[in-house]
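Note that the protein sequences, when read in sequence, are chains X and G. Our numbering puts the first sequence at residues 122 to 299. Our numbering puts the second sequence at residues 4 to 309.
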Amino acid sequence: MIEKAHILNEDDIDRIIRRISHEILERNKGPESLVFIGIQKRGVPLADRIAKNIEKFEGIEIKAGKLDITFYRDDIGQNIKPNARITDISFDIEGKNVILVDDVLYTGRTVRAALDAIIDFGRPRSIQLAVLIDRGHREFPVRADYVGKNLPTSINESIEVKLKETDGLDSVTVVEKG
Amino acid sequence: MLNKKSILDTDSLSLEDIKLILSNADSFLEISRRDVKKVPTLRGKTVINMFFESSTRTRTSFEIAAKRLSADIINFSPSTSSLKKGESIIDTLKTIISMKVDLIVIRHSDSGTVKMVDRFVGIPVINAGDGKYQHPTQALLDLYTIKKRFGKFEGLKVAIVGDFLDSRVARSNMNLFEKMGMDVTIVSPTMFLPEDFSGMKVKHCIDDVIEDADIVYMLRMQLERQDRKFYPSVMEYNRFLTMDMERLKRMKHGSIVMHPGPVNRGIEITDEVMDTSGELAEKIVIEEQVTFGVAVRMAILYLMLG
Numbered sequence: 122m123i124e125k126a127h128i129l130n131e132d133d134i135d136r137i138i139r140r141i142s143h144e145i146l147e148r149n150k151g152p153e154s155l156v157f158i159g160i161q162k163r164g165v166p167l168a169d170r171i172a173k174n175i176e177k178f179e180g181i182e183i184k185a186g187k188l189d190i191t192f193y194r195d196d197i198g199q200n201i202k203p204n205a206r207i208t209d210i211s212f213d214i215e216g217k218n219v220i221l222v223d224d225v226l227y228t229g230r231t232v233r234a235a236l237d238a239i240i241d242f243g244r245p246r247s248i249q250l251a252v253l254i255d256r257g258h259r260e261f262p263v264r265a266d267y268v269g270k271n272l273p274t275s276i277n278e279s280i281e282v283k284l285k286e287t288d289g290l291d292s293v294t295v296v297e298k299g
Numbered sequence: 004m005l006n007k008k009s010i011l012d013t014d015s016l017s018l019e020d021i022k023l024i025l026s027n028a029d030s031f032l033e034i035s036r037r038d039v040k041k042v043p044t045l046r047g048k049t050v051i052n053m054f055f056e057s058s059t060r061t062r063t064s065f066e067i068a069a070k071r072l073s074a075d076i077i078n079f080s081p082s083t084s085s086l087k088k089g090e091s092i093i094d095t096l097k098t099i100i101s102m103k104v105d106l107i108v109i110r111h112s113d114s115g116t117v118k119m120v121d122r123f124v125g126i127p128v129i130n131a132g133d134g135k136y137q138h139p140t141q142a143l144l145d146l147y148t149i150k151k152r153f154g155k156f157e158g159l160k161v162a163i164v165g166d167f168l169d170s171r172v173a174r175s176n177m178n179l180f181e182k183m184g185m186d187v188t189i190v191s192p193t194m195f196l197p198e199d200f201s202g203m204k205v206k207h208c209i210d211d212v213i214e215d216a217d218i219v220y221m222l223r224m225q226l227e228r229q230d231r232k233f234y235p236s237v238m239e240y241n242r243f244l245t246m247d248m249e250r251l252k253r254m255k256h257g258s259i260v261m262h263p264g265p266v267n268r269g270i271e272i273t274d275e276v277m278d279t280s281g282e283l284a285e286k287i288v289i290e291e292q293v294t295f296g297v298a299v300r301m302a303i304l305y306l307m308l309g
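Next up, the structure:
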């Protein structure tokens, strides 16, 4: 793995999260119907941060849960991912506007799995997608409603997102696959 | 993915596999708490339950586990099968394999049958209890129950109480508990011990361990396997081995009582203890064992078939 470019630092990520928080509020005309679901693993702290921001702006409590999509993957049997993480959606999503949050949007397969998982928990009014990085190369008809940064990449590159909660620091870099 | 094709006993399970099963069980426990208790993970896989010996919890537990993962599970019932027409077990298996089953869960009253089946078939096999030999998924769900209560294994004092000779649960559990660094004591009269019990810590009365144990594991009296003379009397059993209120009260803070079920009330555990409520009831984790059993079996099926 060779680091090719440093894309975002802590301040950049902070500004993006604040901007996306405002966009979500604006599009949904306020915070009342919103709940957040972060995709394991780095979507979880991002969802928490956006929810915290909105709590601060609006002064009401915002629910944020976490979702592991392992059991909904389309490549079980070819590529088993043994260590499933925790799913914790301990609130009702019926009739809510669910904001699904992930760090990187790539093929769209993770989002497809997440949509299946979410509707097992109820019938939300809508599901909207927020991502920190959209790197292109979609294999499914999926797009994000809120994008931190569009980052066209080649297939040989990968995006390394680090967050304080999971990795001790905030940064996004492009690395060449070794 | 587990390192082994089949789960036949606890001896051959690696520490790595054990930890993998336990860590995945947490995620599966969550699924059973949802309104819609089903994920599509094992869609298109076929599992067959072959129980040649009666069972409520193990058979149902495997059935529920498979269904919550969207696998198709078929219950093969020996009493209404062609075995009744004299078909051999091997020919029966050939028939089932020909229908492209992906995994066999099997219980049989003869020790060793499951191993024979595993050698014969090319697909994964889970031993759901064979005779007096082993019942590995019971041991794993017990281990998970202990993990949830204590958060660790190292140094925990476990007393396994009862008929050690005839119990497959005893063999599977003792092995697994020791593997995880727990301090195991057998509480059993000499007549319930195997011929060679060197190296095992043995006591003959539950009173010798009751105040010190973190876990008191009551073995079911194997009434169906009493081919030799039965223990002298229930009264004698009660005197040395039964969990009663007086003994329950003497157990230390945070300690628990386990039993693989089904309980012979009045033999291993008294009615009062089984039906107790309030603070002491928290010590009895028999129902937790059953709940966690589904999650652990889901983890096992996922790791074997996923």
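Beta carbons are placed, not taken as given, at the ideal position from N, Cα and C, and that holds for glycine.
I'd like to check one pair, residue j with residue i: are the Cβ atoms closer than 8 Å?
i: residue 183 (chain G); j: residue 220 (chain G); result: no
i: residue 364 (chain G); j: residue 297 (chain G); result: Limits of chain G in this structure are 4 at one end and 309 at the other, which puts residue 364 (chain G) out of reach.
i: residue 269 (chain X); j: residue 253 (chain X); result: yes
i: residue 273 (chain G); j: residue 142 (chain G); result: no
i: residue 49 (chain G); j: residue 131 (chain G); result: no
i: residue 142 (chain X); j: residue 175 (chain X); result: yes
i: residue 151 (chain G); j: residue 295 (chain G); result: yes
i: residue 293 (chain X); j: residue 128 (chain X); result: yes
i: residue 44 (chain G); j: residue 72 (chain G); result: yes
i: residue 170 (chain X); j: residue 282 (chain X); result: no
i: residue 100 (chain G); j: residue 126 (chain G); result: yes
i: residue 306 (chain G); j: residue 5 (chain G); result: yes
i: residue 136 (chain G); j: residue 114 (chain G); result: yes
i: residue 248 (chain G); j: residue 275 (chain G); result: yes
i: residue 225 (chain G); j: residue 169 (chain G); result: yes
i: residue 224 (chain X); j: residue 249 (chain X); result: no
i: residue 214 (chain X); j: residue 243 (chain X); result: yes
Return the CA-CA distance between residue i and residue j, expressed in angstroms with no decimal places.
i: residue 70 (chain G); j: residue 300 (chain G); result: 11 Å
i: residue 88 (chain G); j: residue 176 (chain G); result: 37 Å
i: residue 78 (chain G); j: residue 20 (chain G); result: 27 Å
i: residue 172 (chain G); j: residue 56 (chain G); result: 15 Å
i: residue 240 (chain G); j: residue 270 (chain G); result: 7 Å
i: residue 123 (chain X); j: residue 298 (chain X); result: 7 Å
i: residue 92 (chain G); j: residue 238 (chain X); result: 41 Å
i: residue 214 (chain G); j: residue 253 (chain G); result: 6 Å
i: residue 185 (chain X); j: residue 290 (chain G); result: 31 Å
i: residue 8 (chain G); j: residue 205 (chain G); result: 35 Å
i: residue 261 (chain X); j: residue 222 (chain G); result: 54 Å
i: residue 222 (chain X); j: residue 308 (chain G); result: 30 Å
i: residue 97 (chain G); j: residue 90 (chain G); result: 11 Å
i: residue 236 (chain X); j: residue 227 (chain X); result: 15 Å
i: residue 23 (chain G); j: residue 205 (chain X); result: 10 Å
i: residue 210 (chain G); j: residue 216 (chain G); result: 10 Å
i: residue 292 (chain G); j: residue 15 (chain G); result: 23 Å
i: residue 186 (chain G); j: residue 165 (chain G); result: 17 Å
i: residue 280 (chain G); j: residue 178 (chain X); result: 48 Å
i: residue 121 (chain G); j: residue 128 (chain G); result: 6 Å
i: residue 159 (chain G); j: residue 181 (chain G); result: 10 Å
i: residue 118 (chain G); j: residue 134 (chain G); result: 12 Å
i: residue 180 (chain X); j: residue 232 (chain X); result: 30 Å
i: residue 116 (chain G); j: residue 276 (chain X); result: 52 Å
i: residue 235 (chain G); j: residue 207 (chain G); result: 15 Å
i: residue 46 (chain G); j: residue 199 (chain X); result: 14 Å
i: residue 155 (chain G); j: residue 182 (chain X); result: 35 Å
Relative to the ligand ATP, is the shortest distance from any of its heavy atoms to the C-beta of residue i smaller than 7 Å?
i: residue 71 (chain G); result: In terms of ligand content, the structure shown is empty, and the ligand ATP therefore cannot be addressed.
From the DSSP output, in three-state form, read off residue i for me.
i: residue 182 (chain G); result: helix
i: residue 124 (chain X); result: strand
i: residue 197 (chain X); result: coil
i: residue 129 (chain G); result: strand
i: residue 217 (chain X); result: coil
i: residue 110 (chain G); result: strand
i: residue 226 (chain G); result: helix
i: residue 164 (chain X); result: helix
i: residue 136 (chain G); result: coil
i: residue 142 (chain X); result: helix
i: residue 120 (chain G); result: helix
i: residue 12 (chain G); result: coil
i: residue 247 (chain X); result: strand
i: residue 263 (chain X); result: coil
Looking at the C-beta of residue i, does it have a partner C-beta in chain B at a distance below 8 Å?
i: residue 242 (chain X); result: Included in the structure are the protein chains X and G, with no chain B among them.
- Message: Along the segment 205 to 216 of chain X, where does the CB come closer than 8 Å to a CB of chain G? Name the residues.
- Response: 205, 206, 207, 208 and 209
- Query: When you check each C-beta in the segment 179 to 196 of chain X against every C-beta of chain G, which residues fall closer than 9 Å?
  - Reply: 189, 191, 192, 193 and 194
- Message: Closer than 7 Å between beta carbons: that is the criterion. Which residues of the segment 24 to 36 of chain G meet it against chain X?
- Response: Taking 7 Å as the Cβ-Cβ cut-off against chain X, the residues of the segment 24 to 36 of chain G that qualify are 26, 27, 29, 30 and 33.
- Item | Every unbroken alpha helix (DSSP H) inside the segment 239 to 302 of chain G [4 residues or more] | If only uninterrupted alpha helix (DSSP H) runs of at least 4 residues are considered, those enclosed by the segment 239 to 302 of chain G are 248 to 253 and 274 to 277.
- Task: Within the segment 35 to 103 of chain G, note down every full beta strand (DSSP E) run reaching 3 residues or more, in order along the chain.
- Result: 49 to 54 and 75 to 79
- Would you list, in chain order, the members of the segment 39 to 54 of chain G that have their beta-carbon closer than 7 Å to a beta-carbon of chain X? 39, 42, 43 and 44
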